[in-house]
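Scroll down for the structure; my scribbles are underneath it.
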Amino acid sequence: MNFEGILLAICTFFIIGLLHPIVIKTEYYFGTKYWWLWLVSGLGCCIAALFVVSIFWSALLGVTGASLLWGIGELFDQKKRVEKGWFPMNPKRKDQYNLVNNKKDYTK
Numbered sequence: 001m002n003f004e005g006i007l008l009a010i011c012t013f014f015i016i017g018l019l020h021p022i023v024i025k026t027e028y029y030f031g032t033k034y035w036w037l038w039l040v041s042g043l044g045c046c047i048a049a050l051f052v053v054s055i056f057w058s059a060l061l062g063v064t065g066a067s068l069l070w071g072i073g074e075l076f077d078q079k080k081r082v083e084k085g086w087f088p089m090n091p092k093r094k095d096q097y098n099l100v101n102n103k104k105d106y107t108k
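Numbering (UniProt numbering), first residue to last: 1 to 108.
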């Protein structure tokens, strides 16, 4: 029996599950200014996937790279979610948000 497909699916699930809170924490502590790190990491993983001989590890690098690249959009979407009041805002970076239409009081 070949379990690599199932193992790849499990690893993919964990990669996505791990990157989701990292996107949230990145936006909270640093905002969107480090989006380029996600780009470099994602491209690095995708390029590395081209040179790895093992199909399993190549696919895993590809999934990681694609997830990191997808995380760039999620990082900017997370900022919008914070502006809507759906997620907590870092009060130290209040000046970086467009809070004109948001009636929530973030001064506390």
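A virtual CB, placed ideally from N, CA and C, is assigned to each residue, including glycine.
Spatially closest choice to residue i from the options, by CA coordinates
i, options, result
"Leu8", "Cys46, Leu43 and Ala59", "Ala59"
"Ser67", "Trp38, Gly5 and Met1", "Trp38"
"Met89", "Ala48, Ile10, Thr26 and Ile15", "Thr26"
"Ala48", "Phe14, Phe13, Tyr34 and Gly65", "Gly65"
"Leu69", "Val53, Gly44 and Phe56", "Gly44"
Length of the line joining the Cα atoms of residue i and residue j
i, j, result
"Val40", "His20", "18 Å"
"Leu99", "Lys92", "14 Å"
"Phe51", "Lys84", "43 Å"
"residue 115", "Phe30", "Summary: the structure shown does not reach residue 115, with the chain confined to residues 1 through 108, and so no result is reported for it."
"Gly71", "Met1", "34 Å"
"Gln96", "Gly5", "43 Å"
"Lys108", "Tyr28", "In this prediction, Lys108 has a pLDDT of 48, which is less than 50 and means its spatial position is unreliable; what the coordinates show is noted afterwards. Those two C-alpha atoms are separated by around 16 Å."
Local Cβ density within 10 Å of residue i, reported as buried at 16 or more and exposed below that
i, result
"Leu61", "buried"
"Glu74", "buried"
"Val63", "buried"
"Trp36", "exposed"
CB-CB length for residue i against residue j, believed under 8 Å
i, j, result
"Ile24", "Phe76", "Going by Cβ atoms, the distance from Ile24 to Phe76 rounds to 13 Å, so no, they are not a contact pair."
"Lys80", "Thr32", "Actually they do not touch by this definition, with Cβ atoms about 10 Å apart."
Any non-hydrogen atom of the ligand MN closer than 7 Å to residue i Cβ
i, result
"Trp70", "The ligand MN is not part of the structure shown, which contains no ligands of any sort."
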